[in-house]
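Asks: Mind having a look at this structure? Questions to follow.
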Amino acid sequence: MNPSGQSQSEWDAGMMGCGELILELRQRLNQLPPAALFTLIASDPGVPEDLPAWCRMTGHRLVRAAPPEFVIERKPQ
Amino acid sequence: MAGKFCVTQSYAKNDSDKATVGFVIANAALGSEKETMVFLMAEGVRLAQQGYADDIHEEGFAPLKELMANFAAAGGKIFVCSPCFKRRKLDETKLVAGATIVGGARLVEFLSEGASSVSF
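Just so you know, the sequences run in chain order A and B.
Every number in the numbering used here is 4 more than the matching position in the first sequence, counting from 1.
Every number in the numbering used here is 17 more than the matching position in the second sequence, counting from 1.
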């Protein structure tokens with residue numbers, strides 16, 4: 005658990021989006037072991053387009069996209 | 018289509034000349050068989066709202082509404098900057114044809130794939 009009481013494997017980003025969300029998401033995923041699953045809750049209207057693009061660029065895998073909930077598998081390394 | 022082309026558009030009625038020329042260039046790129054995307058940012062996001070561009074018609078050019086409709090009908094993509102759109106409290110349920118709200122990662126991906134770009 006982090007100080008906000010959320011598990012390391014999930015994050016409710018609220019209406020955060022664009023670069024602010026992506027940078028924070030990268031930092032959170034980097035703290036997880038390879039292949040770990042991470043649940044993101046994000047309501048920004050740009051996220052359904054942004055997250056798949058970000059996963060394609062970075063090598064993480066988007067396992068499920070059901071806005072506002074997204075499940076990401078951390079890349080192997 | 019061979020190659021990608023991005024037109025970044027940050028103007029709307031605050032400079033309707035530039036707003037129009039951006040879509041003229043975008044249509045030229047699409048007609049040149051480039052996979053073309055118009056990225057609307059800052060004031061430019063207003064162009065993504067249905068009805069906004071209806072009264073923009075610069076002398077010497079086709080009406081902007083027609084330029085945008087032709088662009089979308091030919092397969093052009095319009096990406097709309099999400100934070101720019103939100104801060105202006107626009108309506109995401111009333112987007113023009115071809116428009117999609119995106120964040121920065123989608124733009125970065127498009128440009129990183131070797132797209133040429135021009136900005137207004």
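Think of the CB as a built atom: it goes at the ideal place given N, C-alpha and C, for glycine as much as any other residue.
Here's the rule: buried if 16 or more other CB atoms are within 10 angstroms of the residue's CB, otherwise exposed. What is Ala116 of chain B?
Replies: In the second sequence, counting from the first residue as 1, residue 116 of chain B sits at position 99. Burial call: buried.
Asks: Using C-beta distances below 7 Å, list every residue in its chain close to Ala39 of chain A, excluding the 5 sequence neighbours before and after it, in chain order.
Replies: By one-based count along the first sequence, residue 39 of chain A stands at place 35. Only Glu77, Arg78, Pro80 meet the Cβ criterion.
Asks: Can you give the Cα-Cα distance for Glu53 of chain A and Gly77 of chain B, rounded to whole angstroms?
Replies: The residue given as residue 53 of chain A occupies position 49 in the first sequence. The residue given as residue 77 of chain B occupies position 60 in the second sequence. Each residue's Cα considered, the two are about 36 Å apart.
Asks: Measure from the C-beta of Val125 of chain B to each C-beta in chain A and report whether the shortest distance is under 9 Å.
Replies: As a position in the second sequence, residue 125 of chain B is number 108, starting the count at 1. For Val125 of chain B, the answer is yes, since a Cβ of chain A falls inside 9 Å of its Cβ.
Asks: Less than 9 Å separating the beta-carbons of Leu64 of chain B and Leu81 of chain B?
Replies: Stepping through the second sequence from its first residue, residue 64 of chain B is reached at position 47. Stepping through the second sequence from its first residue, residue 81 of chain B is reached at position 64. Going by C-beta atoms, Leu64 of chain B is nearer than 9 Å to Leu81 of chain B.
Asks: Here's a check: name, in chain order, each residue in its chain whose Cβ is nearer than 6 Å to the Cβ of Glu14 of chain A, leaving out the five neighbours to either side.
Replies: To locate residue 14 of chain A, count along the first sequence from 1; it is residue 10. Excluding residues within five positions, the ones whose Cβ falls inside 6 Å are Thr43.
Asks: For the region 16-30 of chain A, enumerate the residues whose C-beta is nearer than 9 Å to any C-beta of chain B, in chain order.
Replies: Met19, Gly21, Cys22, Gly23, Glu24, Leu25, Ile26
Asks: Quick one: Cα of Leu112 of chain B to Cα of Asn34 of chain A, how far?
Replies: Here residue 112 of chain B corresponds to residue number 95 of the second sequence, with the count starting at 1. Here residue 34 of chain A corresponds to residue number 30 of the first sequence, with the count starting at 1. If you take the alpha carbons of Leu112 of chain B and Asn34 of chain A, they lie about 36 Å apart.
Asks: Taking only runs of the alpha helix (DSSP H) that begin and end inside the region 5-81 of chain A, which ones reach a length of at least 4 residues, in chain order?
Replies: 22-34, 51-62
Asks: With a threshold of 16 other CB atoms inside 10 Å of the CB of Lys106 of chain B, please say whether the residue is buried or exposed.
Replies: In the second sequence, the residue the question calls residue 106 of chain B occupies position 89. Lys106 of chain B should be labelled exposed.
Asks: Is there a C-beta anywhere in chain A that falls below 9 Å from the one on Cys23 of chain B?
Replies: Translated into positions along the second sequence, residue 23 of chain B becomes position 6. Under the Cβ distance rule, Cys23 of chain B does not count among the residues neighbouring chain A, no pair being separated by less than 9 Å.
Asks: Taking the alpha-carbon positions, what's the Pro7 of chain A to Glu75 of chain B distance?
Replies: The residue you call residue 7 of chain A lines up with position 3 of the first sequence. The residue you call residue 75 of chain B lines up with position 58 of the second sequence. Because Pro7 of chain A carries a pLDDT of 49, less than 50, the predicted location of this residue cannot be relied on, and the following value inherits that uncertainty. Near 56 Å, if we compare the C-alpha coordinates of Glu75 of chain B and Pro7 of chain A.
Asks: Hey, how far is the Cα of Thr37 of chain B from the Cα of Gly21 of chain A?
Replies: The sequence position of residue 37 of chain B within the second sequence is 20, counting from 1. The sequence position of residue 21 of chain A within the first sequence is 17, counting from 1. Between Thr37 of chain B and Gly21 of chain A, the C-alpha separation is close to 29 Å.
Asks: Apart from the five residues just before and just after Val97 of chain B, which ones in its own chain have a Cβ nearer than 6 Å to its Cβ?
Replies: As a working mapping, residue 97 of chain B is identified with position 80 in the second sequence. Once the five neighbours on either side are set aside, the close Cβ partners of Val97 of chain B are Leu57, Val62, Ala65, Ala116, Ile118.
Asks: Starting from Thr25 of chain B, trace the alpha helix (DSSP H) both ways and give me its first and last residue.
Replies: Counting from one through the second sequence, the residue named residue 25 of chain B turns up at place 8. Premise fails: Thr25 of chain B lies in the beta strand (DSSP E), 21-26, not in any alpha helix (DSSP H).
Asks: Consider the Cβ of Ala122 of chain B: report whether some Cβ of chain A lies at a distance smaller than 9 Å.
Replies: To locate residue 122 of chain B, count along the second sequence from 1; it is residue 105. For Ala122 of chain B, at least one C-beta of chain A is nearer than 9 Å to its own C-beta.
Asks: Between which two residues does the alpha helix (DSSP H) carrying Ala65 of chain B extend?
Replies: Residue 65 of chain B sits at position 48 when you count from the first residue of the second sequence. From DSSP, Ala65 of chain B is part of no alpha helix (DSSP H); its letter is neither H nor E.
Asks: Can you tell me where the alpha helix (DSSP H) with Leu47 of chain B in it begins and where it stops?
Replies: Within the second sequence, numbered from 1, the residue matching residue 47 of chain B stands at position 30. Here the alpha helix (DSSP H) through Leu47 of chain B covers 33-48.
Asks: Would you please state the rounded distance, in angstroms, between the beta carbons of Gly68 of chain B and Val55 of chain B? I believe it to be under 8 Å.
Replies: Position 51 of the second sequence, counting from 1, holds the residue named residue 68 of chain B. Position 38 of the second sequence, counting from 1, holds the residue named residue 55 of chain B. With 8 Å as the limit, Gly68 of chain B and Val55 of chain B do not qualify as a contact, their Cβ atoms being about 18 Å apart.
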